[in-house]
Every structure is written in structure tokens, then in C-alpha cells.
Amino acid sequence: MALGGGHGLHATLTALRLITDDVTAVVTVADDGGSSGRLRRELGLLPPGDLRKAMAALAGTDESSQLWTSLFRHRFGGTGALAGHAVGNLVLAGLLEQLGDPVAVLDEACKLLGVRGRVLPMSVQPLQIEADVIGLDEDAAQVRRIRGQVAVATTPGRVQRIRLRGPGGERARGCAQAVDAVLGADVVLLGPGSWFTSVLPHLLVPELREALEATAAKRVVVLNLVPQPGETEGFSPEHHLDVLWQHAPDLKIDAIIADVDSVPVPDRLRRAAAALGAAALLSPIAERGEPERHDPVALAASLRHALGGPGESAGQASSTTLHRSSQHRGGEESWR
């Protein structure tokens, strides 16, 4: 299974779909920007954008599934009330008001798109991210607290630590079906993606973190290709791992996948991975000419290596239970 959100989860799912159809995606639900943010504020619902995108990534390839997928991706233009909204976001919002249960909503929507795997929210409540940030004042060491996914993702400061809150300020609670999926998985993938707003939030939901610590699954972390302005500006690959450990010190990692050209000092990353009990697997996994985008075929090959060694075939790898990945369709859409 794959945990994440946004572009990073899409990259993982795209690669995984080249390996297996048996995929579960567990998606962050803290977005507060764009169409998702508007629906969240106006209706008090889960932000649907990343959930919609994960379903589109896992959609079937038959004509009917592709029609529904295209419709879910379509955005209204103009300047009216619907401007900027993705049709899929509105469909999910309507189903949420009809059915009430986000998991049932996603299961029904997955049928329309011909998804053979499953898409689950990490929590059935919309969550808010809080971050401790330095570098926002004249005193560079002064810590300020900022709130909201967009604010954290775009801060000009340096994020030190994050927390998750429920809609009333209570602690975040995990989706029971997502927890069960983690416990029953053979492989769990974490990353790539926005480190503080898409990857680490899964470790801050107590039930999910405990399941990740207890599962017998192989746990693989996929590092980003480049640091992200705002969230991880200036972070080395090892710093990403250090921040992950700070948020979940009891989490065991089996393998770290990184792009060889994105790692300035490979031995330093290998030592950092070994400190977590993991093997560091470095290979070229970025698309040629696009160093900020993962090559799905290369990433799939690296995942096969992590799961069973360099000689393992796609057929052998597909016997391992993963999250279902999306077929690479070229082109991206806005995530919210």
C-alpha cells in the first residue's frame, strides 16, 4: 500500500501500477487550498482533491472508466461560483452529503472509475496541520506557529515540527479501514511528496503510526528528487530521514529509495539509512530532462529491487500485496 498525497502519491501509484493491481492508497485529508479548501470551508466536508486524484490514478483502462475519469478531472472555467471546481470534487462532496460515510463514498466512486484497488482517507475527519517555524522574524531563532496546509507548504521560514488537529482542535483519529489495511499489507510505501504536508502527517495520526510500527509489512521510504521551496528548502536527503525519525522514532524502515543524481554524498545517506535499520537503494529514477519528476518505469524497477532483489521479475513482484498504482498517462492536472 502507499501513503501520501498530492504529486508524490501519484508518482508512487503510477510506478506501482506497473507492478501489481492489488493496491490501496491512504490519502492525506488536511488540504485547505483551491477547490478542496472551498468545499471544506463551505460544507465542512473532507477535502476531496487528493482523494479524487488517487482514484483517477487507479482508474480502469476501459472506455467507461476512462470517460468517468476524464469527467472527474474536468474543471469549470469562467468566473462564477463553479469556477475552478473539479467535477470529481463536487461529485464526492455530493456523495458525502448523501451517504455521510467517507469510506462508503470512496468505494462507490471507485466503482464508477473502475478502480480495482482501494482509496481510503487517513482520517474520516478533515484535519488541520500546525507547524513550528523559524526564520520568520528578525530573530532567526524565534519559533512561530502557523496553521493550515497551504500556509505550511508556502512558508518562507524553516519548518521544525508539525502537529495534526481535528476540526475542533482535538487529536487526529485514524480511519479504521486504513489502519486495517496497514496491518494487513505486505508492503507499505511512504513518500515521495511534500514532506511536512503529505508524508509526515500519516505518522501523526496515532492509530496509523501504531499500525505502521506493528505491521509485518516491508516498509519502504521513497525520497524526493529535489527539496521543496518553503517546506524543505536546503534539506539534504539525510535531513529528510532525520525529520522522519524525529516524528516517529519507533518506526522501523527496511529500505530507502533515492535518485542517485539527487544525493550529493551517497555514503552519508547510506549511514543515515543504516541508523534506521534500512538499506539505501540509489539509482536513476528521475525523468530525463525533468529532474523534478519521477520516471514511473525506473521507479517501478527500483521498487522491485527493494521488494525482492535486482533479478526479480514483474510477475514475481506482483505476487506481493501493494497499493494499486496508476497507469502513466503523461500530463498532470492541478491537485486541488
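Counting in the working numbering, the final residue of the sequence shown is number 395, and the numbers go up one at a time with none missing.
A virtual CB, placed ideally from N, CA and C, is assigned to each residue, including glycine.
Determine the DSSP secondary structure at residue i, reduced to helix, strand or coil.
{"i": "residue 175", "result": "coil"}
{"i": "residue 314", "result": "strand"}
{"i": "residue 104", "result": "coil"}
{"i": "residue 182", "result": "coil"}
{"i": "residue 249", "result": "strand"}
{"i": "residue 77", "result": "coil"}
{"i": "residue 231", "result": "coil"}
{"i": "residue 240", "result": "helix"}
{"i": "residue 211", "result": "helix"}
{"i": "residue 113", "result": "helix"}
{"i": "residue 158", "result": "helix"}
{"i": "residue 199", "result": "coil"}
{"i": "residue 307", "result": "coil"}
{"i": "residue 275", "result": "coil"}
{"i": "residue 338", "result": "strand"}
{"i": "residue 92", "result": "coil"}
{"i": "residue 355", "result": "helix"}
So what does residue i bridge to, in DSSP terms?
{"i": "residue 63", "result": "86"}
{"i": "residue 218", "result": "192"}
{"i": "residue 205", "result": "190"}
{"i": "residue 349", "result": "346"}
{"i": "residue 281", "result": "316"}
{"i": "residue 134", "result": "145"}
{"i": "residue 223", "result": "188"}
Going along the chain, which residues of its own chain have a beta-carbon closer than 6 Å to the beta-carbon of residue i, five neighbours each way excluded?
{"i": "residue 158", "result": "164"}
{"i": "residue 431", "result": "Coverage of the chain is limited to positions 60 through 395, which leaves residue 431 absent and any answer about it impossible."}
{"i": "residue 291", "result": "254"}
{"i": "residue 300", "result": "331"}
{"i": "residue 304", "result": "none"}
{"i": "residue 1", "result": "Here the chain covers residues 60 to 395 and nothing more, so residue 1 does not appear."}
{"i": "residue 133", "result": "146"}
{"i": "residue 408", "result": "This structure cannot settle anything about residue 408, because the visible part of the chain is limited to 60 through 395."}
By Cβ distance, which residues of its chain are closer than 7 Å to residue i, with the 5 residues on each side in sequence left out?
{"i": "residue 343", "result": "318, 319, 320, 357"}
{"i": "residue 322", "result": "296, 328, 341"}
{"i": "residue 270", "result": "238, 241, 242"}
{"i": "residue 178", "result": "84, 86, 110, 113, 114, 117, 165, 169"}
Rounded to whole angstroms, what is the Cα-Cα separation between residue i and residue j?
{"i": "residue 230", "j": "residue 191", "result": "17 Å"}
{"i": "residue 377", "j": "residue 79", "result": "Because the pLDDT of residue 377 is 32, which lies under 50, any placement of that residue in the model is unreliable, and the number read from its coordinates should be weighed accordingly. Rounded to whole angstroms, residue 377 to residue 79 spans 5 Å at the Cα level."}
{"i": "residue 83", "j": "residue 197", "result": "46 Å"}
{"i": "residue 187", "j": "residue 283", "result": "23 Å"}
{"i": "residue 227", "j": "residue 256", "result": "19 Å"}
{"i": "residue 262", "j": "residue 208", "result": "16 Å"}
{"i": "residue 131", "j": "residue 138", "result": "20 Å"}
{"i": "residue 172", "j": "residue 274", "result": "30 Å"}
{"i": "residue 222", "j": "residue 189", "result": "5 Å"}
{"i": "residue 143", "j": "residue 94", "result": "6 Å"}
{"i": "residue 125", "j": "residue 61", "result": "23 Å"}
{"i": "residue 140", "j": "residue 351", "result": "34 Å"}
{"i": "residue 324", "j": "residue 367", "result": "26 Å"}
Going by beta carbon distance, what residues of the same chain come within less than 8 Å of residue i, once the five residues before and after it are set aside?
{"i": "residue 194", "result": "215, 216, 217"}
{"i": "residue 100", "result": "91"}
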